[in-house]
Amino acid sequence: MQIIRQPKVYDVCIVGSGAGGGMAAKVLAEAGAEVLLLEAGPLWDSEKDSKMMAWPYDSPRRGASTPTKPFGEFDGCIGGWEIEGEPYTQAPGTTFDWWRARMLGGRTNHWGRISLRFGPYDFKRRSIDGLGDDWPISYDDLKPYYDKVDALVGIFGTKEGLPNEPDGVFLPPPKPRCYELMIKQAADKLKITCIPSRLSILTRPLNGRAACHYCGQCGRGCATHSNFSSPSVLLPPALATGKLKIQPNAMAREVLTDENGLATGVSYVNTQDRREYEVRARIVVLAASACESARLLLNSKSPRFPNGVANGSGVVGKYLTDSTGLSVGGYMPKMANSVPHNEDGIGGMHLYMPWWLDNKKLDFPRGYHIEIGGGRHQPGYGILGGIERMNGTGGYGKTLKDDYRKYYASTVSFSGRGEMVPNENCYCEIDPRVVDTYGIPVLRFHWKFTDYEYKQAKHMQDTFREIIHEMGGTPTSQMPSPEQGYGIAAGGRIIHEAGTTRMGDDPKASVVNKYCQAHEVKNLFIADGGPFVSNADKNITWSILALSMRTSEYIAQERGRGTI
Amino acid sequence: MNNITRRTALKLVGSAPVAAAMAWTPAEAEQANARMQQAQRTAARQGTPFKPKFFTAHEYATVAVLADLIMPKDERSGSATDAGVPAFMDFMMTDVPARQTAMRGGLALIDRLCERRFNNKPFVNCTDAERRQLLDDIAFPAKATPQTRHAVAFFSSFRDLTASGFWTTKMGIEDLGYQGNEFVQEWEGCPEAALKKLGVSYEGD
Chain A
1 MQIIRQPKVY DVCIVGSGAG GGMAAKVLAE AGAEVLLLEA GPLWDSEKDS KMMAWPYDSP
61 RRGASTPTKP FGEFDGCIGG WEIEGEPYTQ APGTTFDWWR ARMLGGRTNH WGRISLRFGP
121 YDFKRRSIDG LGDDWPISYD DLKPYYDKVD ALVGIFGTKE GLPNEPDGVF LPPPKPRCYE
181 LMIKQAADKL KITCIPSRLS ILTRPLNGRA ACHYCGQCGR GCATHSNFSS PSVLLPPALA
241 TGKLKIQPNA MAREVLTDEN GLATGVSYVN TQDRREYEVR ARIVVLAASA CESARLLLNS
301 KSPRFPNGVA NGSGVVGKYL TDSTGLSVGG YMPKMANSVP HNEDGIGGMH LYMPWWLDNK
361 KLDFPRGYHI EIGGGRHQPG YGILGGIERM NGTGGYGKTL KDDYRKYYAS TVSFSGRGEM
421 VPNENCYCEI DPRVVDTYGI PVLRFHWKFT DYEYKQAKHM QDTFREIIHE MGGTPTSQMP
481 SPEQGYGIAA GGRIIHEAGT TRMGDDPKAS VVNKYCQAHE VKNLFIADGG PFVSNADKNI
541 TWSILALSMR TSEYIAQERG RGTI
Chain B
1 MNNITRRTAL KLVGSAPVAA AMAWTPAEAE QANARMQQAQ RTAARQGTPF KPKFFTAHEY
61 ATVAVLADLI MPKDERSGSA TDAGVPAFMD FMMTDVPARQ TAMRGGLALI DRLCERRFNN
121 KPFVNCTDAE RRQLLDDIAF PAKATPQTRH AVAFFSSFRD LTASGFWTTK MGIEDLGYQG
181 NEFVQEWEGC PEAALKKLGV SYEGD
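For the protein sequence lines, the chains are A and B, in the order given.
By my numbering, the letter at position 12 of the first sequence is numbered 12, and the numbering carries on one by one without gaps.
By my numbering, the letter at position 105 of the second sequence is numbered 105, and the numbering carries on one by one without gaps.
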């Protein structure tokens, strides 16, 4: 079959339509560039295709998961840790589960909207504890972009003046739910900081988007665009310029380069008819997600780049991180037979606990934040499963039925999301033998937590169980053993991968510079989580947006100057 | 239906999904579900029982009795069979074929246990008292013995599936008193009665 070479030369070709790619498309199209945006998955429109407001009984499986919807059939993200035709491998002894989204907007369709700025300390961890590396930029470099992202996208929260949780440009937060007040009561007693959460969900109309209507189903994709997703917020203004073309069902194969070592475009396969295309562009921006972009670089081999384009340092794929994570649930006798009311709220927590301790006084170096949940959820597949853990016996019949009623909405949950120290044993590389259904060599993962993370996980367990006890409740699970890693989630399960194309001033120790520009290929940029030097105790999406905005403005500036 | 009305209020336009991975639209699902329920009602009126795709007739009868023992009718809501739980279970077995062995094997195990104890009678042929005797041994994980632990594990899983099938119906949702899945103009927070019951309050109120 012939490769279809398209004659048009775009100013910019972007791979990936999620947070980073969507932001790059907006900034660059608005700056006057002709932009081609490649998306591996199909088009998807939350207005038409979202299952928002569906009842479980609308479906014979009542919301249960399907192969392309691991989080439940109503979830807004098509994809998963296992995708037919797109395998990946793991080195012996490694467990790393790699999530791929395959749709317009990627993971932004179903993410938790937890929008936390990195703080000043998060850019300078090596200076603080001697571990890992510092970023080549500081919070002050990124602050103007965080401010612009807040104003563009909309985020609720409160100004708290905490040293490493910078305040933003906030819409008013929703009042806490009943059980959240209970949690705060206990947190206050234990001196754990508990403040309104910071989520990119509109509590007031903004920039032509409607305010939230509190159905609690953000994860299904919002039909009124009241939460942040790339297609809700970034792509419409980009398309309005008339300078953006979106190409769905386009699986990028490799970055094309010329004899001068400059990027000339991208080759991709049309996933529907399997035909090969090559598109030409003066600038290439990779935003396919941290590991996917690394894979593209590693697979773009040539005599000049035998280890993959922009990989002269050998660093591509290395320093892979994911958030540490684990959850503990608690049954609360006080919450049994609760007062019926609509407790949906926004699709997530109204309060949360940012990292509140001094690591110098602890036996692990980095912190975590706590996300909370519970209460009167919309019933769905799996509801009230494991009743024997709640009522202590199990049973059947009328007494069981009454137990279900009593225990419904009587549990709370705590989830820790923490920072790990990048280490040499966590990386991805190209598997030497395996290709996917398109013939693209796949990634092989290596993964190993260290005591830094296991001790942090133990602290999470101890803390959550202490809060549950303080609330007068009982945990619904046993304390995991050290052999079980204290229950720490496997790498990749938290779906916050970062670090695989890290930034730095030294081209021998980093892939991109402080503008996310490849050291060795000045017209190649990266706009996803790959450039992150560390992953912080904060979900990385907000920083992806700010960084991508900064990178894209730099690209526009340099285009204007004619340097790239 | 309420669902369509809400969607209309939110100015949603139902249309065929663009993504091939989406198997149905809400409108299509509602239609399919309504058609299935209509077919069931018609079949019931005509005296023709629902024809399961996975369960044999004997298994299906067993499932119905077992589910109703777990979730009987009472003053607040109907039984598991009233809620269509057996048909839901049959669907789940075809939707996730990997679950079939555990279900088929578990039902067979229940029958074998009954035949040994109760004069060669499978579960559906036992008396109500005999069935409850069996459940008294396998419905309580803390009481599991080496002889019963597989049946206990099966029963716990079957109980969970019964709960999934029951509490996600309109009847089950109303029974639980879930309120929500609707358009809310302003979020009011925790109502006064609930604040009092939990002994919490909003600061400065």
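Ideal Cβ placement from N, Cα and C applies to all residues, glycine included.
Here the structure is a predicted model, which means the values were calculated and not measured.
DSSP three-state call for residue i: helix, strand or coil?
| i | result |
| --- | --- |
| TYR319(A) | coil |
| THR476(A) | coil |
| GLN6(A) | strand |
| TYR268(A) | strand |
| TYR178(B) | coil |
| PHE156(A) | strand |
| ARG220(A) | helix |
| PRO441(A) | strand |
| LEU131(A) | coil |
| MET22(B) | Bear in mind that the predicted position of MET22(B) carries a pLDDT of just 39, short of 50, making it too unreliable to give a figure here. |
| CYS178(A) | helix |
| THR500(A) | coil |
| ILE346(A) | coil |
| LYS81(B) | Contrary to the premise, residue 81(B) reads as Thr rather than Lys in this sequence. Looking at THR81(B) - three-state DSSP - the assignment turns out to be coil, as it is neither helix nor strand. |
| ASN359(A) | helix |
| LEU135(B) | helix |
| SER157(B) | helix |
| ALA538(A) | Here residue 538(A) is Lys; the residue named in the question, Ala, does not match the sequence. Three-state DSSP puts LYS538(A) in coil, outside helix and strand. |
| ASP111(B) | helix |
Bridge partners for residue i per DSSP, in chain order?
| i | result |
| --- | --- |
| VAL328(A) | PHE414(A) |
| ARG100(A) | GLY80(A) |
| GLN517(A) | PHE525(A) |
| VAL152(B) | Answer by DSSP bridge pairing: none, since VAL152(B) is not bridged. |
| MET353(A) | ILE370(A) |
| LEU596(A) | Given that chain A is displayed from residue 1 to residue 564, the structure contains no residue 596(A) and the question cannot be resolved. |
| LEU199(A) | ILE114(A) and PHE156(A) |
| GLN90(A) | PHE445(A) |
| GLY491(A) | PHE96(A) |
From which residue to which residue does the alpha helix (DSSP H) around residue i run?
| i | result |
| --- | --- |
| PRO237(A) | 235–240 |
| ALA19(A) | 19–30 |
| TYR60(B) | 57–70 |
| ALA290(A) | 290–299 |
| TRP447(A) | Note, TRP447(A): premise wrong, no alpha helix (DSSP H); not H, not E. |
| ARG561(A) | 541–561 |
| THR145(B) | Run containing THR145(B): none; DSSP gives neither H nor E here. |
| ASP273(A) | That residue, ASP273(A), is in no alpha helix (DSSP H); it is neither H nor E in DSSP. |
Tell me whether the beta-carbon of residue i lies closer than 9 Å to the beta-carbon of residue j.
| i | j | result |
| --- | --- | --- |
| ALA151(B) | ASP160(B) | no |
| HIS350(A) | ARG417(A) | no |
| VAL35(A) | ALA238(A) | yes |
| ALA294(A) | GLY530(A) | yes |
| GLY499(A) | SER534(A) | yes |
| ILE70(B) | LEU244(A) | no |
| ASP75(A) | ARG493(A) | no |
| ALA263(A) | VAL521(A) | yes |
Hey, quick one: how far does the beta strand (DSSP E) through residue i stretch, first residue to last?
| i | result |
| --- | --- |
| ASN428(A) | Sequence inspection shows Cys at residue 428(A); the Asn mentioned does not correspond to that position. Run containing CYS428(A): 427–435, per the beta strand (DSSP E) assignment. |
| THR257(A) | 250–257 |
| LYS245(A) | 244–247 |
| ILE372(A) | 368–374 |
| TYR396(A) | It is not in any beta strand (DSSP E) - TYR396(A) carries neither H nor E in the DSSP assignment. |
| ILE283(A) | 276–286 |
| VAL85(B) | That residue, VAL85(B), is in no beta strand (DSSP E); its alpha helix (DSSP H) goes 85–95. |
| LEU38(A) | 35–38 |
Any beta carbon of chain D sitting closer than 9 Å to that of residue i?
| i | result |
| --- | --- |
| LYS538(A) | Absent from the structure: chain D. Protein chains present are A and B. |
I'd like to confirm something about residue i: is its beta-carbon nearer than 8 Å to some heavy atom of the ligand GTP, or not?
| i | result |
| --- | --- |
| THR145(B) | Summarising the ligand content, the structure contains no ligands, and the ligand GTP is consequently not present. |
Name the residues in the stretch 374–388 of chain A whose C-beta lies less than 9 Å from a C-beta of chain B; which are they?
Here the close residues are ARG376, HIS377, GLN378, PRO379, GLY380, TYR381, GLY382, ILE383, LEU384, GLY385, GLY386, ILE387 and GLU388.
To be precise: take each residue of the stretch 169–180 of chain B, compare its Cβ to all Cβ atoms of chain A, and keep it if any distance is under 8 Å. Which residues remain?
The residues in question are THR169, LYS170, GLY172, ILE173, ASP175, LEU176, GLY177, TYR178, GLN179 and GLY180.
Got a sec: which bits of the stretch 163–186 of chain A sit with their beta carbon under 9 Å from any beta carbon on chain B, in order along the chain?
Listed by position along the chain: PRO174, LYS175, PRO176, ARG177, CYS178, TYR179, GLU180, LEU181, MET182, LYS184 and GLN185.
Anything in the stretch 36–59 of chain A with a Cβ closer than 9 Å to a Cβ of chain B? List those residues in chain order, please.
Answer set for the stretch 36–59 of chain A: GLY41, PRO42, LEU43, TRP44, ASP45, GLU47, LYS48, ASP49, SER50, LYS51, MET52, MET53, ALA54, TRP55, PRO56, TYR57, ASP58 and SER59.
Which of the residues in the stretch 323–352 of chain A, read from start to end, lie with their CB under 8 Å from any CB of chain B?
The residues in question are LYS334, MET335, SER338, VAL339, PRO340, HIS341, ASN342, GLU343, ASP344, GLY345 and ILE346.
Output, in sequence order along the chain, the residues in the stretch 212–240 of chain A whose CB is closer than 9 Å to any CB in chain B.
The residues in question are CYS212, HIS213, TYR214, CYS215, GLY216, GLN217, ALA223 and THR224.
Note down, in chain order, all residues in the stretch 452–472 of chain A with a beta-carbon under 7 Å from any beta-carbon belonging to chain B.
Taking 7 Å as the Cβ-Cβ cut-off against chain B, none of the residues of the stretch 452–472 of chain A qualify.
Contact list for the stretch 66–80 of chain B against chain A, Cβ threshold 7 Å:
From the stretch 66–80 of chain B, only LEU69, ILE70, MET71, PRO72 and ASP74 have a Cβ closer than 7 Å to chain A.
Of all the residues that make up the stretch 388–418 of chain A, which are near chain B by a beta-carbon distance shorter than 7 Å?
Hits within the stretch, in order: GLU388, THR393, GLY394, GLY395, TYR396, GLY397, LYS398, LEU400, LYS401, TYR404, ARG405 and TYR408.
Interface residues of the stretch 193–205 of chain B facing chain A [CB-CB below 8 Å]:
Against chain A - using a Cβ distance shorter than 8 Å - the residues of the stretch 193–205 of chain B are ALA193, ALA194, LEU195, LYS197, LEU198, GLY199, VAL200, SER201 and TYR202.
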